[in-house]
Amino acid sequence: MGPRFTLLAAIICLSLTFPLAGQTQSTSKPKPHVVVIGVNGMELDVIRPLLLKGDMPNLAKVIKKGAYGKLRTVSSPNCPRVYSTIFTSTKPEEHGVTGFLVGGITANTNMLKEEPIWSILSKHDVSVGMANVPATFPVMPVNGYMISGMLTRGKNCEDGVLCAPKLSEVEGGAAVYPESMKPELLKNVGDFYIDCERMPSAEQLRGHEAEVIDSWLKRVDVIREQQTKLFDYLLKNHPTDFTWLAQSCEDRTGHWLYPIAPYNVGYNPKINGVRSDAFPNQYIGFDKVLGTVLNNIDDNTYVIIVSDHGIKPLREFEETDPHAHMDHEKTTPVIAKHDFADGDDVPGSFFAMGPGIKHDLRLMGFEASVYDVAPTILHIYGIAQPEQMRGHVLTQIFESGDSKVAKK
Ligand SMILES: [Zn+2]
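Using the working numbering, the first residue of the sequence shown is number 548, and each one after it goes up by one.
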């Protein structure tokens, strides 16, 4: 752990037991409300036709009422590497979470060497709620609650990499802060999966392709239903000033069920000819989750949707690249990936709407990057950007480009 953040962790451990948000009302003036929704590997190439067809009405609404564009990501992007960059607005080599494994160990929050945004916000008396955000295991104390996401370890998912323990099956660290919230969630939401389902192996698929694909997609639907219930419960029963929710089944589906053409690398008609709707359907599913979130918030709430990277079909020449496919376990016959050496090949995406944010604004080129998300959120709360942060406030999305706090 780096010196700067070690000090902070010590301060938190020694002196603070944050009240569970929603139970204690602060007497200070109300803070802006911001809801961030993370979607892993959201691919604009797949989303655009769905928007055109009217299959994503909620995202269309956010675009109309806000600003959107590509989000420049880091090189060889994968979830923990990019999410930790978004958390801290520092380079992977600086924050320490360089990939799924760091020095042979599954990435975890103890590796973070730079201060993440939830900690900065908590210190400024902003209440924080986070659920299923990747690379937040074991959970850390915040001024509110935190429920971990991708990379949570547990039964049938001992290494924590791209598998799905249920809340009751978590091992090797806490998945819920504060601890008292865990029994409450089990009682009111049920025993939900913390992350998306593990992808089937080539061996499991052989000879049973259609059957395995269908049952896997059904499990994905169940996981998304559970997540929707969880998000709805949290937004209704534990409202916080800052809320960050995330989804991860989209990315995983894209890896092996991206609707590629027969001439793409890795095309196997037995698998890729079965459910060409599978990957687009994930975004239609996501749009419904977004609808549930939007139903729980008012017009004064900022909504920011971020994707850590996109996902594209494999390319022959990349397979000789030293950075070639390292992001997922090597047993699944994947046909799309995102850890291209040049991160500009697989940009993420960014959508924002809320008080003072311009309407119908499209960010061209790489105006926005994963480094800019944290400074922009801090700006909304009127918190100065810490010097280690490498991004900048996306002032161009605000009607008033000055550095004043956006008013609630
Ligand atoms: Zn992935």
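Where a beta carbon is used, it is the ideal one built from N, C-alpha and C, also for glycine. None of these values were measured; they are calculated from a predicted model.
Starting from residue i and walking both ways along the beta strand (DSSP E), at which residues does that stretch end?
i    : result
S762 : Note, S762: premise wrong, no beta strand (DSSP E); alpha helix (DSSP H) at 756-784.
S674 : Where S674 is concerned, there is no enclosing beta strand (DSSP E), given that its DSSP letter is neither H nor E.
Q794 : 789-794
K660 : Counting along the chain, K660 falls outside any beta strand (DSSP E), and DSSP gives it neither H nor E.
I694 : 691-696
A899 : 895-900
Should residue i be listed as close to ligand 1, given that the test is whether its C-beta is under 6 Å from any heavy atom?
i    : result
D798 : yes
Can the beta-carbon of residue i be found closer than 7 Å to that of residue j?
i    : j    : result
M911 : G613 : no
V940 : P922 : yes
G801 : L618 : no
S631 : A888 : no
P747 : I807 : no
H731 : V586 : Reading the sequence as shown, one finds Glu at residue 731 and not His. No, Cβ-Cβ distance for E731 and V586 is not below 7 Å.
F833 : L777 : no
T656 : M687 : yes
S795 : C743 : yes
P627 : A711 : no
A757 : V821 : yes
V689 : S715 : no
G838 : N605 : yes
I852 : F898 : yes
K578 : V673 : yes
G601 : I858 : no
P596 : T635 : no
R700 : E718 : yes
Quick one: give me the first and last residue of the alpha helix (DSSP H) that residue i is part of.
i    : result
A749 : 749-752
H642 : 639-642
T635 : 626-635
G838 : 825-842
I610 : 604-611
P922 : 920-927
P596 : 591-600
K905 : Per DSSP, K905 belongs to no alpha helix (DSSP H) and is neither H nor E.
I818 : 816-819
Per DSSP, which one or two residues make a beta bridge with residue i?
i    : result
H580 : T848
P860 : A883
L910 : G616
A915 : L618
T653 : L648
N735 : Note: N735 sits in no beta bridge, so no partner.
G701 : C704, V717
A678 : I694, L792
V586 : Q794
Y740 : K713
Y724 : M693
F945 : I904
V853 : G585, F897
Under 7 Å between C-beta atoms, does residue i make it to chain C?
i    : result
I844 : Considering every chain present, this structure includes no chain C. It has just one protein chain.
Could you tell me whether any non-hydrogen atom of ligand 2 is closer than 6 Å to the CB of residue i?
i    : result
L599 : The model depicted lacks ligand 2 and carries ligand 1 instead.
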